[in-house]
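With the UniProt record's numbering applied, the sequence shown corresponds to residues 1 to 299, in that order.
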Amino acid sequence: MDQAALEAFIALERTGSFTQAARLLNLSQPGFSRRISAFEEEIGTPVVERRRGRAVLTEAGRAILPLSEAALSNLQDILAAVHAIKQGSTLALTLAISGAMCQPRLLGALYQYGRDRNFRLSLRAGSSSVISELVQRREATLGLRYGDVSYPHLISTPIGVQTMVVICSPTHRLLGVSRITPEDLEEETWIGSPTALNEADGGLRKTVSRLGLRSMSVMPVSDITAQKNLIEGGFGIGLNPRDNVEKEIRAGRLAILPVGDISVEEPVTILSRKGGYMDETALGLIEHVKRFFARRDAS
1 MDQAALEAFI ALERTGSFTQ AARLLNLSQP GFSRRISAFE EEIGTPVVER RRGRAVLTEA
61 GRAILPLSEA ALSNLQDILA AVHAIKQGST LALTLAISGA MCQPRLLGAL YQYGRDRNFR
121 LSLRAGSSSV ISELVQRREA TLGLRYGDVS YPHLISTPIG VQTMVVICSP THRLLGVSRI
181 TPEDLEEETW IGSPTALNEA DGGLRKTVSR LGLRSMSVMP VSDITAQKNL IEGGFGIGLN
241 PRDNVEKEIR AGRLAILPVG DISVEEPVTI LSRKGGYMDE TALGLIEHVK RFFARRDAS
């Protein structure tokens with residue numbers, strides 16, 4: 001079974017369309033259809049059927065999908081290892097990073113590291129669950145995200161913790177309160193990204209529950225700038241890494257609620273693929289990120 005057949009099958013599952021999958025692989029639709037037919041002939045059973053204009057996997061297709069993804073990833077890792085041996089360390093690397101981690105100090109450290117070592121570092125940003133998917137699908141070599149997670153095909157390496165702060169409007173009613181209780185916070189509306197509200201491996205609801213809240217009201221807002229503007233306007237409060245809101249706090253646009261002994265720390269993890277080839281560039285980047293968080297935690 002060759003790489004082209006596996007790529008065609010996986011592209012079809014992800015797009016749900018012969019036309020879109022063919023476009024994704026820069027193939028004509030007849031050429032793409034021939035690849036799928038050859039794939040089905042090789043394994044001896046149909047893997048997809050057309051339903052109302054969409055391509056839907058058969059039971060056999062669903063059964064072999066994870067095996068096909070793993071096989072393609074392993075094959076690509078083999079080719080990458082051979083290329084690295086011939087050419088030396090890679091000159092480009094993609095890091096998937098949680099949007100909440102896109103903070104000036106970390107981004108500056110990543111940019112400088114790539115520049116000093118003369119390789120191109122590309123970033124893909126998204127929610128924590130998206131980061132895991134990008135690494136698992138080999139669209140990123142490494143992932144940097146919040147949460148202690150477990151995936152069958154990924155290695156999750158803890159590298160530090162991020163202290164989260166409760167942010168609010170500078171005129172919030174609780175800013176003058178000497179002691180804020182979980183009951184006080186239950187009356188508030190929490191503003192956060194829709195994709196981060198109910199992630200299976202964490203998310204805002206699960207994180208906020210560690211503050212001791214029994215119930216909470218949420219306002220899903222996709223754009224981070226809009227989240228900050230709504231909080232500044234008094235429409236709710238949020239839970240963010242302090243680095244993400246340092247600029248607004250200095251400008252007096254946002255404030256930190258002094259929740260006293262109530263605190264939340266989110267683990268920071270680096271994701272890589274089990275059995276995936278890691279050259280000196282990738283290994284060096286992992287160590288660089290570890291040192292960054294170690295220095296920050298010590299400061």
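Beta carbons are placed, not taken as given, at the ideal position from N, Cα and C, and that holds for glycine. Bear in mind the structure is a predicted one, so any value in this text is a computation, not a measurement.
Item                                                                                                            : Value
Sequence-distant residues of the same chain with beta carbon closer than 8 Å to L230, five excluded per side    : I191, M219, V221, G236
Sub-8 Å separation of T281 and F32 beta-carbons                                                                 : no
Three CB pairs or more closer than 8 Å across the region 120-138 and the region 265-277                         : yes
Coarse secondary structure for P182, derived from DSSP in three states                                          : helix
A22: first and last residue of the uninterrupted alpha helix (DSSP H) it sits in                                : 18-24
Under 8 Å between C-beta atoms of G238 and I167                                                                 : yes
Own chain, CB closer than 6 Å to residue 300, minus 5 neighbours either side, in chain order                    : Since the first residue shown for the chain is 1 and the last is 299, residue 300 is missing from the structure and cannot be characterised.
With 16 other Cβ atoms within 10 Å as the buried cut-off, status of K228                                        : buried
Cβ neighbours of A200 in the same chain (closer than 6 Å, five flanking residues each side left out)            : Reliability of the predicted coordinates at A200 is poor, the pLDDT of 44 falling under 50, and the value obtained from them is presented with this limitation in mind. The answer is none, since no qualifying residue turns up.
Top-ranked residue by Cα proximity to G126, from A100, L142, E183                                               : A100
Extent of the continuous beta strand (DSSP E) run through V135                                                  : Premise fails: V135 lies in the alpha helix (DSSP H), 128-136, not in any beta strand (DSSP E).
Heavy atom of the ligand FAD within 7 Å of I64 beta-carbon                                                      : For the ligand FAD, the structure offers nothing, since it holds no ligand at all.
In chain order, each beta strand (DSSP E) run of at least 3 residues that lies wholly inside the region 222-248 : 238-241
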